Amino acid sequence: MNKGSNVSRRAFLSTSAAAATASLASTSLAEEKPKGAAKTPQTVLTETYKSAGGHDVTTDAVYAGEDSGSSCYPIYQGTTNRGAYTRGSNPTINSVEVKIKQLEGAEFGIATACGMAAISQTLLTFLKPGSRMVLNRNVYIGTEKLVDGPLKRLGVESQRINMANLDELQAVLKKKTDIVYFEVQSNPALDVVDVKAASALAHGAGAMVIVDNTWLTPYLIQPLALGADIVLHSATKYMMGHGCGLCGIVCGPKTLMKRVESSRSVFGGIMAPMNAFLLHQGLKTLPMRMERHCANAMRIAQFLETHPMVKKVHYPGLASDPGHAAASKQVRGFGGMIGLEMNKGAQLVRRVKLCRPWTSLGDVQTLVTNYTHNAAWGIPANYIRMSVGIEDPDDIIADLKQALAKR
Ligand SMILES: Cc1ncc(COP(=O)(O)O)c(C=O)c1O
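Per my numbering: the sequence shown ends with 572, consecutive numbering throughout.
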C-alpha cells in the first residue's frame with residue numbers, strides 16, 4: 166500500500182483528528198490494536214457489548230447465526246421450509262436475525278424487506294389514532310413522508326425539534342408523548358443526539374425511544390445499551406455494504422419485538438431469503454469496513470474544511486463540529502457520512518468522475534447527493550451529503566479537487 170492510504174485501528178480509535186491523519190500516513194493494517202485502547206473515550210461499545218459466547222463484536226460478525234458446518238449459511242428459497250411459511254419464518258432469514266440481534270446486543274431481532282419496512286412496520290405497531298410522536302427536525306425523507314402522510318391520516322400527531330438540544334426535547338415532552346424517534350447522527354444534516362440523555366428524558370416522560378442506527382451501525386454504537394427501547398436500520402446501507410440489495414432490521418426486547426414480528430407477518434415486509442444470505446456476507450466484514458469508512462471520512466473532512474469552495478463541513482469527528490462533544494462520549498468512531506455547505510457556484514455533484522452522484526449511502530463507493538435548502542428542518546443552503554467509501558483516500562481527494570477546481 167502506498168500514498169499514505171493505510172488505515173490503522175489506532176487512527177480509528179483516536180479522538181484526535183490530527184492523530185488520525187498522522188496515523189493514516191504512517192501505520193499499517195497489520196498493526197495490533199494498542200493495549201489499553203479499550204480505555205479510550207470511545208469505548209462505550211467495547212465496554213457494554215455483551216456476546217452470548219463472550220466474544221467481541223468483530224468475532225460475532227463472522228460467526229453468529231452461521232451453520233457450523235458451512236462457510237455460508239444456505240439459501241432456503243422456498244415459500245415453505247421445514248413446514249413454515251416464509252412470510253412468518255424462514256431458516257436463512259432466522260439465521261441472519263441471530264447475527265443482527267447479537268451485534269446490537271438485543272434480546273430479539275427481526276429482518277425486514279428494507280429500511281422503510283422496518284420503520285413503517287415498527288411505528289404502525291406502537292402508534293394509534295391520537296398518539297403523539299416527537300422526531301428530530303431532519304430525518305430520512307422516507308420517514309418524514311410516512312409521518313406527514315399515512316401516519317397523519319391515521320390521526321397520529323407529530324412534532325419536529327432539534328433533538329441535539331436536550332432543552333428543546335425536555336420542553337416538548339411536557340405534552341404527553343408516546344414515541345421519541347431519532348437518528349443518532351441525522352440524515353442529512355448530522356445533528357448529533359445524545360442517546361443516553363435523550364432516552365432518559367423520554368422515559369421520564371413515559372415515552373418509548375426508537376432509534377434509527379443506519380448511519381453508525383452497531384459496530385460504532387449500540388443504542389439499546391444506552392437506553393433506547395428499539396433500534397432499527399436500513400441494512401441496505403453499511404450492513405449489506407456493497408449496494409447489492411434492500412433489507413432492514415429491527416431489534417429490541419422480546420416483549421416489544423414479538424409485536425413487531427406479528428405486524429411484519431400481516432403487513433408482509435419480510436426480508437427476501439437471498440437478501441438475508443447477502444446480508445450475512447456483508448456483516449462478516451462490517452467492522453473492517455466501518456473502520457475504513459471512519460478513517461477516510463475524517464481525512465476527507467479535514468481536507469474539505471480548508472477548501473476555499475467549502476463554507477462549512479458537518480462531521481462530528483471534527484473538533485469544530487457542534488456535535489463533537491456529544492458524539493465523542495457515545496461512539497466508537499464518527500462514521501462515514503459528511504455534510505458540506507458549499508460556497509455559491511460549486512458544482513461538485515455534477516463534476517465528480519470517480520465518486521458517484523447517487524442518492525444511496527453506506528456503499529463501498531463514495532457517493533455525493535445535493536439537498537434542497539430547508540431552514541426549518543436544519544438543512545443549509547447549497548448542501549451536499551457525502552457518503553465516504555473505502556477507496557484510497559488520496560484518490561477520493563484528487564477527484565474532489567478536480568470537481569471543485571475553477572474552470
Ligand atoms: C437513515 C435512514 N433510514 C432509513 C432509510 C430507508 O432505507 P431503505 O432504502 O432500505 O428502505 C434510509 C435510506 O436512505 C436512511 O438513510
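Beta carbons: idealized from backbone N, C-alpha and C, even for Gly.
For clarity, every value in this text was computed on a predicted model and none was experimentally measured.
- For T382, the CB stays at least 7 angstroms from every heavy atom of ligand 1.
- No residue range can be given for V517, since it is assigned to no alpha helix (DSSP H) and is classified by DSSP as neither H nor E.
- Annotation: P473 to A362 spans about 37 angstroms, alpha carbon to alpha carbon.
- Residue range G413 to G417 is occupied by the beta strand (DSSP E) that includes G413.
- Between T401 and C279 a beta carbon distance of about 6 angstroms is seen, short of the 8 angstroms cut, so the two are scored as contacting.
- Set against 7 angstroms, the gap from the CB of S233 to the closest heavy atom of ligand 1 is not smaller.
- Look at the region 239–326 and you find these whole runs of beta strand (DSSP E), each 3 residues long or longer: 273–277, 297–301 and 322–326.
- Relative to ligand 1, the nearest heavy atom lies less than 7 angstroms away from the CB of G413.
- The three-state reading of DSSP puts T534 in strand, counting E and B together.
- Using a cutoff of 7 angstroms, the CB of I544 does not count as near ligand 1, since none of the ligand's heavy atoms is closer than that.
- If you keep only unbroken alpha helix (DSSP H) runs of at least 4 residues inside the region 388–469, you get 419–432 and 438–449.
- Per the coordinates, the alpha-carbon of D343 lies some 38 angstroms from the alpha-carbon of T245.
- Between ligand 1 and the CB of N440, the shortest heavy atom gap is not smaller than 7 angstroms.
- Under DSSP, the beta-bridge partners assigned to Q350 are V357.
- Judged by DSSP in its simplified three-state form, G504 adopts strand.
- Exclusion of E269 from the 7 angstroms shell around ligand 1 follows from its C-beta lying no nearer than that to any non-hydrogen atom of the ligand.
- Of the candidates K566, Q387, M281 and L366, K566 places its Cα closest to the Cα of F468.
- Collapsing the DSSP output to three states places H368 in a helix.
- Between ligand 1 and G314, a heavy atom-to-CB distance of less than 7 angstroms is absent.
- Here F273 is actually not in contact with M463; their C-beta atoms are around 35 angstroms apart, not less than 8 angstroms.
- Secondary-structure assignment with DSSP links M551 through a beta bridge to I503 and V533.
- When rounded, the separation of the alpha-carbon atoms in P294 and K317 is 9 angstroms.
- Using a Cβ distance threshold of 8 angstroms, T534 and I549 count as a contacting pair.
- Check the Cα spacing between R429 and each of G234, S235 and S285: the tightest is with S285.
- In chain order, N301, L334, F347, D356, V358 and A363 place their CB closer than 7 angstroms to the CB of M328, counting only its own chain and leaving out the 5 sequence neighbours on each side.
- Inter-segment contact for the region 436–447 and the region 473–484 is absent: fewer than three beta-carbon pairs are separated by less than 8 angstroms.
- For S399, the shortest C-beta to heavy atom distance toward ligand 1 is below 7 angstroms.
- Distance from the Cα of P452 is smallest, within the candidate group A276, I555 and I414, for I555.
- Spanning the alpha carbons of A367 and V345 requires a straight line of approximately 7 angstroms.
- Short note on I240: C-beta not closer than 7 angstroms to any heavy atom of ligand 1.
- The region 229–245 makes no contact with the region 370–379: fewer than 3 CB pairs, one atom from each, lie closer than 8 angstroms.
- Put simply, the backbone Cα of M502 is about 23 angstroms away from that of I395.
- Closer than 7 angstroms to some heavy atom of ligand 1: that describes the Cβ of M281.
- In this structure, the CA atom of G314 is about 15 angstroms from the CA atom of V304.
- The residue from S254, W380 and D332 with its alpha-carbon nearest to that of A354 is W380.
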